[in-house]
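Counting with mature numbering (1 follows the signal peptide of the UniProt record, and there is no 0), you get residues -25 to -1, 1 to 483 for the letters of the sequence shown. No residue lacks a Cβ here, since even glycine has one placed at the ideal position from N, Cα and C. These notes are about the structure you will find just below.
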Amino acid sequence: MNHRRANSLLVSAVLVALLAGESAAWRRRRQTCSPINCQWGPWTSWSSCSYQCGAFGTRTRTRPYSPAASCGGAACSGSNSETEDCNRFCPNGSPYQAGCDCTGTGYTGTCCDVDADECALGTDICHEHATCTNTPGSFTCTCNGGYSGDGYTCSPNEVDECALGTHTCHAAATCTNTPGSFTCACNSGYTGDGNTCTDNDECTLGTDTCHAAATCTNTPGSFTCTCNGGYTGDGNICTDIDECAEGTDTCDEDATCTNTPGSFTCACNGGYTGDGNTCTDNDECALGTDTCHAAATCTNTPGSFTCACDSGYNGDGNTCTDIDECAEGTDTCDEHATCTNTPGSYTCACDDPYTGGGYSCTVSCSDLYPGLHPAGNFGEFRGQCFWSSSHRNPKLDYTAARQACGLYGGTLAMIKDDATQRFLKNHLKGTSGRTQRNYWIGLDDLNSERSFLWNDGSPLGSYRRFRSSAPHRIRDCVVLWRTARLAHWDIKSCDLTMAYICQLAGGS
């Protein structure tokens, strides 16, 4: 036995041993797993068509094994992909050969997707005297000026240049329409060829008919005559006006008027000085010969004068006495200001701690009530001061809190409308942050069970914001219960000690 044959026999022996071992392993595996048959998953979406228009394009989709066959299960039948035809026809329905047939569509291009400009291509059917306008897939025709029709047929118009104002006649000429043209003729009072017309100046030429005492004024195509000042008439005939007799003169009322041809003269009467048109009385006020009081105003009158006491004084002008506006109550000082009388007037000064010009005085709530701390807990609403005690201050029961506000002439806060409710909610958010708090307000039924009264004695009206789950006790007192988002009223025992809100008079 040679070496080659020995090696061949050895390899064969090894293969037999391996096959025997593999068959045994396979048999063991089949005994420990269950066969799983192959199943197809859902088809994927179709792929894009291989052609966008015309031709016989195709598109493909696939599907996965879900699951694949195992443990000797049955294999899936059929293919995991399929193909179908797409875009068999052009957009306009014509079969595709070398390209789509775009005839009659108004478009061009392989896929008939490019607008064909019939106007530029000369394929439109507009009349020779019409304008072609391209539109997507089509075109429109409009007759040119001087023609009318539907654009496909246009006929020339008969134009009346005179009526249309397209003639070239001068503004002072008359236009006459003629077949296919027009003529121009200058109007009366003008000379020229009709296209150019020049006014005849009758005043300069001396051909007017004005009176010697009249002024001639040239006008376009004519002239006017106007009698000169001091004369009356139509300009062709003028008569002197006696201004003195008619009262149309301009003489001063203390002057004498004398008529002259076409005019008049004026001379001041005795006791007056001036040019006659203006005559001035001897002004006692200016000359200092009047008898008016030093606190009076002198007013000159024709031949005399009058005296009137100045503002802030009483009297006949010759004698004037100072008016004490402060004592008489006619001053305009603010109610929080002090009035001081001065000669002919008065001054106003704001009382401490108010500030301002005296006529209007204001004060901040913290300055008005310096005994209440912290000052940052003040808020002003509708001219009133509201102060909320800090939760660091001693808490008080309802009666003590009401008395504490009363020391400053106020009450516990009375919330009679939604605007006040919103104000206090926002005010408390700024003084106590977002922490839940309870504050005594001025509402209780201590006098009569379930008959709530505000601290000013008024009954609880229709506006109320009780928490729906608020308990009720005999002779209860009310708090404003505030959270980060809400503000409601709650009923509490009056003996509890809590923070409180005072409502005090404002400084306005």
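{"query": "Would the beta-carbon of Pro328 fall within 8 Å of that of Leu343?", "result": "yes"}
{"query": "Pick out whichever of Gly16, Tyr414, Arg460, Pro318 has its Cα sitting closest to the Cα of Asn55.", "result": "Gly16"}
{"query": "Rounded to a whole number of angstroms, what is the C-alpha to C-alpha distance between Thr341 and Pro318?", "result": "Sequence check: residue 341 is Ser here, not Thr. Taking the straight line from one Cα to the other gives about 38 Å."}
{"query": "May I ask you to verify whether the region 299 to 312 touches the region 276 to 283, counting CB pairs closer than 8 Å and requiring at least 3?", "result": "no"}
{"query": "Based on the DSSP secondary-structure assignment, which residues constitute the bridge partners of Lys467?", "result": "Cys452"}
{"query": "Since I believe Glu218 is in contact with Cys202 (beta carbons under 8 Å), could you give me their beta-carbon distance rounded to a whole number of angstroms?", "result": "Going by Cβ atoms, the distance from Cys202 to Glu218 rounds to 14 Å, so no, they are not a contact pair."}
{"query": "Would you mind reading off the limits of the beta strand (DSSP E) that contains Ser130?", "result": "129 to 131"}
{"query": "How many Å lie between Asp431 and Arg440 at the Cα?", "result": "19 Å"}
{"query": "Any idea which residues DSSP pairs Arg357 with across the strands?", "result": "Its beta-bridge partners do not exist; DSSP assigns none."}
{"query": "Helix, strand or coil: which one does DSSP assign to Glu424?", "result": "coil"}
{"query": "Where DSSP assigns a beta bridge to Asn89, which residues make up the other side?", "result": "Contrary to the premise, residue 89 reads as Val rather than Asn in this sequence. For Val89, which the question treats as bridged, DSSP gives the partners Thr83."}
{"query": "Counting Cβ pairs closer than 8 Å, one from the region 366 to 374 and one from the region 463 to 470, do we hit at least three?", "result": "yes"}
{"query": "Below 6 Å CB to CB, which residues in the same chain sit around Gly385 once its five sequence neighbours on both sides are set aside?", "result": "Cys477, Gln478, Leu479"}
{"query": "Going by other Cβ atoms of all chains shown within 10 Å of its Cβ, with 16 needed for buried, is Ile466 buried or exposed?", "result": "buried"}
{"query": "My assumption, with CB atoms under 8 Å, is that Asp90 sits in contact with Gly112. Please give the rounded CB distance.", "result": "6 Å"}
{"query": "Relative to the C-alpha of Tyr247, which residue among Asn257, Tyr82, Leu428, Gly354 is closest?", "result": "Asn257"}
{"query": "So, for Thr294: in the same chain, excluding its five sequence neighbours on each side, which residues have a beta-carbon less than 8 Å away from its beta-carbon?", "result": "His268"}
{"query": "Suppose you measure from the CA of Glu133 to the CA of Cys107; what does that come to, to the nearest Å?", "result": "23 Å"}
{"query": "Tell me, please, which residues DSSP counts as bridged to Tyr321.", "result": "Asn316"}
{"query": "Return the Cβ separation of Arg36 and Trp21 in integer angstroms, given the expectation that the two are a contact with Cβ distance under 8 Å.", "result": "5 Å"}
{"query": "How long is the line joining the alpha carbons of Arg34 and Gly53, rounded to whole angstroms?", "result": "18 Å"}
{"query": "Identify whether Glu57 lies in helix, strand or coil by the three-state DSSP scheme.", "result": "strand"}
{"query": "Which residue wins for smallest C-alpha separation from Gly222, given the options Asn152, Thr240, Glu310, Gly208?", "result": "Thr240"}
{"query": "What residue range does the alpha helix (DSSP H) around Thr179 cover?", "result": "177 to 180"}
{"query": "Quick check on this structure: which residue in Thr255, Pro369, Thr253, Gly292 has the alpha carbon closest to the alpha carbon of Thr272?", "result": "Gly292"}
{"query": "Roughly how many angstroms separate the alpha carbons of Asp250 and Asp227, rounded to a whole number?", "result": "9 Å"}
{"query": "Inspect the CB distances between the region 424 to 438 and the region 352 to 365 and report whether three or more fall short of 8 Å.", "result": "no"}
{"query": "On the criterion of 16 or more Cβ atoms from any shown chain inside 10 Å, does Phe31 qualify as buried, or is it exposed?", "result": "exposed"}
{"query": "When burial is assigned at 16 or more other CB atoms within 10 Å of the CB, is Trp100 buried or exposed?", "result": "Sequence inspection shows Ile at residue 100; the Trp mentioned does not correspond to that position. So Ile100 counts as exposed."}
{"query": "Looking only at its chain, what residues have a beta carbon closer than 6 Å to the beta carbon of Gly(-5), apart from the 5 residues adjacent to it on each side?", "result": "Residue placement at Gly(-5) cannot be trusted, given a pLDDT of 46 that sits under 50; the coordinates are not used to answer."}
{"query": "Whole-angstrom Cβ separation of Gly196 and Asn162, contact assumed at under 8 Å?", "result": "6 Å"}
{"query": "Which one of Arg377, Gly81, Ala146 has the shortest CA to CA distance from Thr98?", "result": "Gly81"}
{"query": "Would you report the Cα separation of Leu421 and Phe427, rounded to the nearest angstrom?", "result": "8 Å"}
{"query": "Could you check what DSSP says for Cys24 in three-state terms: helix, strand or coil?", "result": "coil"}
{"query": "Nearest-angstrom Cα distance between Ser156 and Asp135?", "result": "8 Å"}
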